[in-house]
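Participant: Below you will find the structure I want to go over with you.
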Amino acid sequence: MKKFLTIIKAFWQRALTYRFTVIAYRIGEMGEIVVLILMWTAIYGTQEVIKGFTLPEMITYILAGNLFHVMVRNFLSTVVAGDIKEGQLSMFLIKPMSYFSYILAREIGRISLATILSVISQFIVISFFLNAFIWNFDSVYLLVIFIMLVLAFVTELLLSYLVGLIAFWTDEVDGLYRTIERVEKFFSGGYFPLSILPAGFVTVSSLLPFAYSFFIPAQLYLKKIDLATGLKGILVQLAWIALLYGLVRVVWERGLRKYEGIGI
Amino acid sequence: MATIEVKNLSKSYEYYKKERGLLGSFKSFLFREKLYAEAVKEVSFSINEGELVGFLGPNGAGKTTTLKMLSGILYPTAGEVKVLGFTPSKREKAYQKQFALVMGQKNQLLRDLPAIETFVLNKEIYEMPDDEFKRNLDELVELFEIKDILDIQVRKLSLGQRMKCELVAALLHKPKVLFLDEPTIGLDVVAQKKIRDFIKKYNQEKKTAIILTSHYMEDIRELCRRVIIINLGKIIYDGNLEDLIRKYAPHKVLTVTFNEGGASREQIEKYGEIAEYNPYGCVIKTPRSEAKNTAVALLSSDLPVDDILIDEVEIDDVVRQIFNR
Chain A
1 MKKFLTIIKA
11 FWQRALTYRF
21 TVIAYRIGEM
31 GEIVVLILMW
41 TAIYGTQEVI
51 KGFTLPEMIT
61 YILAGNLFHV
71 MVRNFLSTVV
81 AGDIKEGQLS
91 MFLIKPMSYF
101 SYILAREIGR
111 ISLATILSVI
121 SQFIVISFFL
131 NAFIWNFDSV
141 YLLVIFIMLV
151 LAFVTELLLS
161 YLVGLIAFWT
171 DEVDGLYRTI
181 ERVEKFFSGG
191 YFPLSILPAG
201 FVTVSSLLPF
211 AYSFFIPAQL
221 YLKKIDLATG
231 LKGILVQLAW
241 IALLYGLVRV
251 VWERGLRKYE
261 GIGI
Chain B
1001 MATIEVKNLS
1011 KSYEYYKKER
1021 GLLGSFKSFL
1031 FREKLYAEAV
1041 KEVSFSINEG
1051 ELVGFLGPNG
1061 AGKTTTLKML
1071 SGILYPTAGE
1081 VKVLGFTPSK
1091 REKAYQKQFA
1101 LVMGQKNQLL
1111 RDLPAIETFV
1121 LNKEIYEMPD
1131 DEFKRNLDEL
1141 VELFEIKDIL
1151 DIQVRKLSLG
1161 QRMKCELVAA
1171 LLHKPKVLFL
1181 DEPTIGLDVV
1191 AQKKIRDFIK
1201 KYNQEKKTAI
1211 ILTSHYMEDI
1221 RELCRRVIII
1231 NLGKIIYDGN
1241 LEDLIRKYAP
1251 HKVLTVTFNE
1261 GGASREQIEK
1271 YGEIAEYNPY
1281 GCVIKTPRSE
1291 AKNTAVALLS
1301 SDLPVDDILI
1311 DEVEIDDVVR
1321 QIFNR
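Just so you know, the protein sequences line up as chains A and B, in that order.
Residue numbering for the first sequence follows the numbering used here, beginning at 1 and increasing consecutively.
Residue numbering for the second sequence follows the numbering used here, beginning at 1001 and increasing consecutively.
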């Protein structure tokens, strides 16, 4: 455990060294959300309800969903792929600690500062739309959302790690990573609530892992889905975690046999 | 039992061939020809405790590939490796805590933080007790005289300073086996010497088995009694450095300096093969057994000899000669 804390601390320090970058990113994030809200406000015009969403509900969906999203995301793929491609992985393979544990601690250290700042900046945006934002203090709902987000964090982590490991065969994963990012954003409901599309989309996305980092917790927050559906979702998440974990192990073992540690 | 035991070790890499030019790139985008390159072919050797062995060979000879297999980074394609009784490719913690790999071209230090942060990180990763860590760190810091640079961001350090820190990071856990892959690459003469002196001292004090690769013959000459020469994946010499020189360098080199009016080429030619010449100094190659006599003859001749030095042929030349055969 002390190992983890030391690594997390070291990468906190690193992040603090590059405070400008960390803060610069947040400005773009906030801007994007404001643009989305402006767009929906224009679309609504004088209309009260679109596809079951009132304007305050839509604004809350965007704000709460993005808040959840920044809490569970990571940028592991490019880090892992870079280590493999540049041969830096070699320096970890010789150490008495598994690469996954190391990279996990490192990523937590690396993004936790950004995540905290993101959460703060999300709250800043929320504060601008206070009159439209719908509050939900139902503790049972919040607990289910919390569990869902923790699992979503683990799912996202395994998924990114898996995508990064593909670099053992292809050297670069940027193309795949970007594609998955877009598919994920769509199926997670990051562009718009999936429920404005035909019902089939919601069914499919609730079987995929992506919606649990945005659409489903946001819908739970708005109480547009009930607790039972939420709990069912948690089972789906657990199944995905088991599957991804198994895949990661297999891919890691096979990848290492292919690894060449180029550049050293 | 030997510390390092390698038997019939082989490694082949997969690679793709691409035809030249953009069209070639399009073709290989659709279809790629898979080829295999044998980087290491049936290599065998063994190294004992406390031995410091030089690994020589041109670029791409298979030196680094062999070191990578000894460290467990690469799986061997065939053959067997045992280090301290462990099979490296299993990557057991117990083995990993007992060896270190330092690569001149690859670093483990976190570039954006001061070196001390990496040291602390390694302390945790290698699970070292506080007092042991402190003792080892103090000792190494003093040896390398790096007290002043411990708190400076690694990327702001000079290459020499960084290399010292890399070595400290690798040695904190007191490895029993050490693989050094070109630890002096790119360093200036003074820094090279410092690193060299350190390696020598470390090897003698701790009885560490060390494999060293370097392109600087000075490193090899000063540090290694035994050398393994590898070319195109195969070992072509394994033995004493002195024997190697005696075997492959049947000549000695006489460096003669003249004063007054100097000497002409014709006057010197009869003493041996002239390797370099100008009127005030020349280098003559003579058979090993003749070296002394030639020197006497030169001194007793009527040439204006000021000084004579008798030297071994440079190892560079010896090695080049072997590779060119």
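Quick reminder that beta carbons are idealized off the backbone N, C-alpha and C, glycines included.
Just so it is clear, the structure is predicted and the values come from calculations on it, not from any experiment.
(1) List the residues of chain A that tyrosine 1016(B) touches, going by C-beta distances under 7 Å, in chain order.
(2) Can you pull the chain A neighbours of arginine 1091(B), defined as C-beta to C-beta under 7 Å?
(3) Using a Cβ-Cβ cutoff of less than 8 Å, which residues in the same chain neighbour valine 1168(B) once the five nearest sequence positions on both sides are dropped?
(4) State yes or no: is the beta carbon of leucine 1121(B) nearer than 8 Å to at least one beta carbon in chain A?
(5) Considering only heavy atoms of the ligand MN, does any lie closer than 7 Å to the CB of isoleucine 1195(B)?
(6) For a contact meaning CB atoms closer than 7 Å, what does isoleucine 1125(B) contact in chain A?
(7) Note the first and the last residue of the continuous beta strand (DSSP E) segment covering glycine 1239(B).
(8) Of the residues that make up the stretch 1044 to 1071 of chain B, which ones have a beta carbon closer than 8 Å to any beta carbon in chain A?
(9) If you measure beta-carbon to beta-carbon, which residues of the stretch 1093 to 1119 of chain B are closer than 7 Å to chain A?
(10) Taking one C-beta from the stretch 38 to 58 of chain A and one from the stretch 141 to 151 of chain A each time, how about it: are there three or more such pairs within less than 8 Å?
(11) On the premise that phenylalanine 168(A) lies in contact with lysine 258(A), defined as a C-beta separation below 8 Å, what is that separation, rounded to the nearest angstrom?
(12) I want to verify the contact list: residues of chain B whose CB lies under 7 Å from the CB of arginine 257(A), in sequence order.
(13) Suppose the cutoff is 7 Å on Cβ atoms and the five residues either side in sequence are ignored; what does the same chain contact list for aspartate 83(A) look like?
(14) When burial is assigned at 16 or more other CB atoms within 10 Å of the CB, is isoleucine 1274(B) buried or exposed?
(15) Report the CB separation of serine 1154(B) from leucine 1109(B) in whole angstroms; it is logged as a contact under 8 Å.
(16) Let me see if you follow: with CB-CB separation under 8 Å, is alanine 10(A) close to chain B or not?
(17) Among residues of its own chain, excluding the 5 on either side of glycine 1104(B), which ones have a beta-carbon nearer than 6 Å to its beta-carbon?
(18) Give me the Cβ distance between arginine 1226(B) and valine 1053(B), rounded to the nearest whole Å; I'm assuming they're in contact under 8 Å.
(19) For glutamate 1005(B), which residues in the same chain have their Cβ closer than 7 Å to its Cβ, ignoring the five residues on either side in sequence?
(20) Quick one, are the C-beta atoms of serine 1010(B) and glutamate 1038(B) less than 8 Å apart?
(21) In chain D, what lies closer than 8 Å to arginine 14(A) by C-beta?
(22) Is the beta carbon of valine 80(A) sitting closer than 8 Å to the one on isoleucine 111(A)?
(23) Determine the DSSP secondary structure at asparagine 1278(B), reduced to helix, strand or coil.
(24) By Cβ distance below 7 Å, which residues in the same chain neighbour leucine 162(A) in space, the five residues on each side in sequence not counted?
Facilitator: With the structure as the only source:
(1) Under the 7 Å cutoff, chain A gives no residues; its nearest Cβ is about 11 Å from tyrosine 1016(B).
(2) Per Cβ cutoff of 7 Å: Leu93.
(3) Ala1115, Phe1119, Leu1137, Leu1140, Val1141, Phe1144, Ile1146, listed in sequence order.
(4) Yes, because at least one Cβ of chain A sits closer than 8 Å to the Cβ of leucine 1121(B).
(5) Because no ligand of any kind appears in the structure shown, any question about the ligand MN cannot be addressed here.
(6) Ordered by position in chain A, the residues that pass the 7 Å Cβ test against isoleucine 1125(B) are Lys3, Lys95, Pro96, Met97.
(7) Membership of glycine 1239(B) in the beta strand (DSSP E) is indicated by the continuous run 1234 to 1240.
(8) The residues in question are Thr1064, Lys1068, Ser1071.
(9) Listed in sequence order: Lys1093, Gln1096, Lys1097, Leu1101, Met1103, Gln1105, Lys1106, Gln1108, Leu1110, Asp1112, Leu1113, Glu1117.
(10) They do not touch, by the three-pair rule.
(11) That pair is a contact at about 5 Å.
(12) The answer, in chain order, is Tyr1075.
(13) So the qualifying residues of the chain are Leu89.
(14) That one is exposed.
(15) Per the sequence presented here, residue 1154(B) reads as valine, with serine not at that position. Going by Cβ atoms, the distance from valine 1154(B) to leucine 1109(B) rounds to 5 Å, so yes, they are a contact pair.
(16) At least one CB atom of chain B sits nearer than 8 Å to the CB of alanine 10(A).
(17) Contacts found: Glu1182, Pro1183, Ile1185.
(18) Confirmed, about 5 Å.
(19) Correct list, in chain order: Ser1046, Lys1082.
(20) Yes, Cβ-Cβ distance for serine 1010(B) and glutamate 1038(B) is below 8 Å.
(21) You won't find chain D in this structure, because its protein chains are A and B.
(22) No, they are not a contact pair.
(23) Residue state, collapsed to three classes: strand.
(24) The residues are Leu244, Leu247, Val248, Val251.
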